[in-house]
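Following: one structure in structure tokens, then a few remarks.
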Amino acid sequence: MSRSLRLSAFALAAALVATACGPAGTTVPPASGGPAASAPEGSSGGSVAPGPAGSINVLSLWGGSEEKAFQAVLADFTAKTGVTVNYEADRQTYSTTLQSRITGGNPPDIAIIPGIGFLRRFAKDGSLMKIADLGVDTAGLTSSYPEGFLAAGTVDGQLYAIPAKYNNKGTMWFRPDVYKDDGVTANPATWADYKAALDSTKDKPGAMALGAKDDWNLTDWFESIYIRQAGVDAYDKLFGAEGDWTDATVQKDVDTMLEVINDKYVVGGIDAAVGRAWTDAIAQVFKPTPEAGTFYEGGFVGGIALGQTNTDLKIGETIDWYPFPKINNTDEVTTFGGDVVGALTDSDGAKAFLQYLVTPEANKVWASTGAIVSPHKGVDTSAYPNDLVKREAESLTSASAIRYDGSDLLPAGIAGEGLGALLQRAIRGDKIDWADFQTRVKAAWDAE
Amino acid sequence: MQADPPGGMERVAVSSIGVAKPPEAPKQIGRRYDRTTLLFLGPPAILMAIFLVYPTIYTIALSFNRGRRGEFTEWVGFDHYINLLTGDKSFLDLGSFPPEGAIWNNVLWAVFYTSLVIFLGLVVAVLASRVRYESIIKAVVFLPMAIAATALAIIWNFVYAPDSNIGLLNAILSPVTDRGISWLGNPSLVNAALIAAGVWGSVGFATVILSAALKSIPSEILEAARVDGATERQVFFGIIIPMVSLPISVLAVTLLVNVVKLFDLIYVLTNGGPGTKSRVIAFTMYNDSIPGGQFGRGAAVAVIMLVLLIPIMAYNIRRFRSSRVT
Amino acid sequence: MTAVAEPRAAARERTTTERIVRFLNKTPIHIALGIIALIWLAPTVGLLVTSFRPRSDIQVTGWWESFLQFRYTLANYGEVLSGQGMLQAFINTFLIAVPSTLIPLVLASMAAYAFSWLHFPFRDGLFLLVVALLMIPVQVAFIPLLKLFAPTGLLNSYGAIWLTHTAFALPFGIFLLRNFFITLPRDLIEAARIDGSSTIGIFRTIVVPLSVPAIAAYGIFQFLWVWNDLLMALVFVQNGKAWPMTKAIQNLLSQYGTEWHLLAAGAFILMAVPLLVFFSLQRYFVQGLLAGSVK
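Protein chains in written order, with the working numbering: chain D, 1 to 448; chain C, 1001 to 1326; chain A, 2001 to 2295.
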């Protein structure tokens, strides 16, 4: 008897306490003027008290050191405009959080969007604001950003997002000391050179490291080869609604991949590679006693290797990169990845933030933290802290053509195995049914 | 209708003094159900109706729709179902032998996970009962249940890592293998590896239940059998198993329901990979809906999942009927 | 014959030799249990050891090698605990878990009592419906409930998640507790009724006190489940200051890196409370789980 009384008393007390000290100082501003297309329940947030004047919610997937860098930008923004920012990070379950917020009537004011498929979906859902409606001169943006990048943020002819972060995906990372020891005197410039370098470094200590558990690593390989082998126009077509995956160039690309991604060159073998996380593969190359000489991924590898894997690395001696080897191309072309920033409300704070973000000053602040390469043309390369990042930034303007990461351009809702999964199968020797993939991709494009 | 008498405490106090209640009490029970029953059943019923029944109906309706944003945007009839059951190899592939796809994976889990958990649970319960440090063993085996799914992901990543200098399993096997085995990356191994991790996490639950069930078998019956000359084997299979068959079936039902709803482990360990090899139904449902944005399709997956649970429900009903209290 | 010999055998066991012999006779059992204990402890111990290792070591060598290197550090724990908002997140987890445990406890007990000892039309059919609701996975409810909650303020406080956790916990609770309640002695309840106790009275004075093990077991289960939950919190707690620890630990990670050292330490910090709860309430747990399935 006493126990159950105690239980219920405790329950009551707990409930009272909880209500009393609920989330402290809620600063959720009223979700003002949500997207017109949303359901009649409206997003006026019922009993949510309006936050202090001029504050916005920003949602992104950056945590850890990237968040710190971004906070520097946010601090600068607040200093310049007086609008405070509530930053929320969500690294792994981004789509869940964003969708929940939108459906729940609490969309963040600003969201950093990691994939173009996502961007298109949210734009078509009506959840994103058009940039032009937010006081930003979209026509003027072409002088600030490379054309390939703005195209990525455009859906149905309207700009919905602004480029925030640029990652060159055509960077081949390597250990100069391993190359030197194995007699590789010049950085490989062509595919043949690259294969020769792999031969030289094979087993001494190893040719290349691969972390194919994260299958997007493989899609990056595919895209880097494709844009160089089949050409920029073919690339644009393949990763658009008219793409034809049964075209011979696709299988040719995979065959080329298999020339280097095989048990001969990949340290540990293909089987192990498919179970290995890509950051572990970075570690294989850049730890104190390397197991392999090269690793392919984008410009962000430098930051990870230097900041997390091995802080004793010396640029030029134990870590460096050269452009992805040429295949059929004569000019430098490259694929790139990057995050874009969109607005989900048209509050004054959101407008202010976007207008701020397109200025060269904002991008300079960000660039100097060393965490990102800014896509803004107005940022001088001297703003970057080390040589690796400087050269990456230069590639933005020096390349004759840059194209957004293809697999991020594909629709998000492809049924069944995606490109990465298919490539995982390909490297283990399976034959790929491209016709089936084509059907599924087409269905996903149509469903958009 | 009779109004509720004043609070129970006072009644008990009063009656203990010896004031007899008139014999119409039985009739009161029958009629009293109107108000008190509402109090007892009302709040739970309302909550369940809003949070469980309504979303289910919503989902069933959504499965016949395109479901953009999770809203009813465009009627598509049975398209999703047809596509899922015949056109999506990652969901159900009857073309190859053995079959493949998410549904097949759930079948694998249902068979192997459930039987292994019960078997190992029984083994541990029986062995532990013979030693003095029994409760320590039970606590050790139960420990995984207190661990969050995200932590389990890290734990198992360290066990299954393909490099023998990081992965525990590969380190143990390194004398006999030349290269690390990719437990989570190899399509032929991944489901077995996941089931092993799942079993590891659930044996404790089974052990605790079965251990208590074993203890409740009156020892006189066992002694009598032994006196009569029955071997240990006969005792085990002839007496112990039948007497714990009810807890085992409760356990099995709980485990099977968990299998159909299985999501967390797959999500954190392999995200359905490599490719789509380790996907299960609940994962497909989530993946199609939220990251994929195809809420109608996800809803259809959910409905298929509920349909698959009907046999389990039917079994529950039958068992319930036979144990009813009149 | 053996039945008679047993008591005397037990009495004689006191001599040391006998005890040693008895212990050794069970060697196969001890070995088997030793292997089992190893298998069940090794992975978790691995994580524990990892949480004390410096980051650079974790990616390079296995945790078992750390015993030879003997390089340990508390830095990981320090980094997690001082992580932005971690203390608030810890409190938040309590604020979410406690009501989400207590409310379903109360409601499920009440409903279970109704299903066992009260009479009303369609009683058994409704009970089966409740059991059927056990099958419903939580993801199904996200979108419909979010739309329902949108115009209320519940998503910005804990109201949404308390209610959702409660609702999803009810079928299991009602199932478990009802199966226990029906085993209570009928005469006791009948006697109380005849004496004139009200329904509520019988519930409070007889049913609940006798059912503490079952109720406690259910409570522990629910508490563990809610404490370790991430997905529901992500969806139904939409206020960034109200996030629980499971989320806060995720936020320590950067987009690309896998900060194993932080995750390992975070996992153990997260585990501390459930382990405490479990070990201190262990005896109820055993009895309670058993309830309703045997007899």
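Virtual Cβ for every residue (Gly too), placed ideally from N, Cα, C.
- Contact holds between the stretch 314-323 of chain D and the stretch 175-188 of chain D, because three or more Cβ pairs, one in each stretch, are under 8 Å apart.
- Within the stretch 1255-1285 of chain C, those residues whose Cβ lies closer than 8 Å to any Cβ of chain D are, in chain order, Gly1273, Pro1274, Gly1275, Thr1276.
- Using a CB distance below 9 Å, the part of the stretch 106-122 of chain D facing chain C consists of Gly117, Phe118, Arg121, Phe122, ordered along the chain.
- C/Gly1275 places its beta carbon 8 Å or farther from that of C/Asp1288.
- In the DSSP assignment, D/Glu392 falls within the alpha helix (DSSP H) that extends over 387-398.
- If you keep only unbroken beta strand (DSSP E) runs of at least 3 residues inside the stretch 2185-2256 of chain A, you get nothing at all.
- In the three-state reduction of the DSSP assignment, D/Tyr194 falls in the helix class.
- Pairwise C-beta distances place the stretch 239-246 of chain D out of contact with the stretch 311-319 of chain D, as fewer than three of them are shorter than 8 Å.
- Look at A/Pro2043 here: in three-state DSSP terms it is helix.
- In the assembly as shown, C/Val1301 is a buried residue. Its beta-carbon has 16 or more other beta-carbons within 10 Å.
- The residue from C/Ala1128, C/Thr1059, C/Pro1043, C/Ala1045 with its alpha-carbon nearest to that of A/Ile2036 is C/Ala1128.
- Taking a beta-carbon distance threshold of 8 Å, D/Asp271 counts as an interface residue toward chain C.
- Against chain D, the CB of A/Ala2150 has a partner CB under 8 Å away; the residue lies at that interface.
- In the structure shown, the three-state DSSP call for D/Met172 is strand.
- Annotation for D/Phe286: no beta strand (DSSP E) segment contains it, though the alpha helix (DSSP H) segment containing it runs 278-286.
- For the stretch 2234-2249 of chain A, the set of positions with a beta-carbon nearer than 7 Å to some beta-carbon of chain D reads Leu2234, Val2235, Gln2238, Asn2239, Gly2240, Lys2241, Ala2242 in chain order.
- Among the bridge pairs identified by DSSP, D/Asn167 is matched with D/Gly337.
- Your pair D/Asp182 and D/Thr201 checks out as a contact, with CB atoms roughly 5 Å apart and the cut at 8 Å.
- Scanning chain C for C-beta atoms nearer than 7 Å to the C-beta of D/Gln424 yields Pro1274, Gly1275, reported in chain order.
- In terms of Cβ geometry, C/Ile1136 and C/Ala1206 do not form a close pair [threshold 8 Å].
- The C-alpha of A/Ala2167 lies about 22 Å from the C-alpha of C/Ile1317.
- At a Cβ-Cβ threshold of 8 Å, A/Leu2262 and A/Glu2079 count as neighbours.
- By the beta-carbon neighbour count (other beta carbons within 10 angstroms, threshold 16), C/Ala1224 is exposed.
- Within a 10 Å sphere around the beta-carbon of C/Glu1071 sit 16 or more other beta-carbons, which makes this residue buried.
- Taking C-beta separations shorter than 8 Å and ignoring five residues to either side along the sequence, the partners of D/Ser144 in its chain run Val358, Pro360, His376, Lys377, Gly378, following chain order.
- By the CB criterion at 8 Å, C/Asn1083 and C/Val1280 fall outside the cutoff.
- DSSP lists D/Val266, D/Thr294 as the beta-bridge partner residues of D/Met208.
- Residue state for C/Ser1202 is assigned as helix, using DSSP reduced to three classes.
- Spanning the alpha carbons of A/Phe2090 and A/Asn2251 requires a straight line of approximately 14 Å.
- Each of A/Lys2147, A/Leu2163, A/Ala2242, A/Leu2276 was checked against the Cα of D/Gly105, and the nearest Cα belongs to A/Lys2147.
- Taking the C-beta atoms as reference points, C/Leu1052 is found no nearer than 8 Å to C/Gly1296.
- Taking 8 Å as the CB threshold, D/Thr219 stays off the interface with chain A.
- Counting only the Cα atoms, C/Glu1074 lies some 53 Å from D/Asn310.
- Per DSSP, D/Ile315 is not a residue of any alpha helix (DSSP H), being assigned neither H nor E.
- In this model, A/Trp2162 and A/Gly2240 are separated by some 17 Å (Cα to Cα).
- For D/Val155, the nearest beta carbon of chain C is not closer than 8 Å to its own beta carbon.
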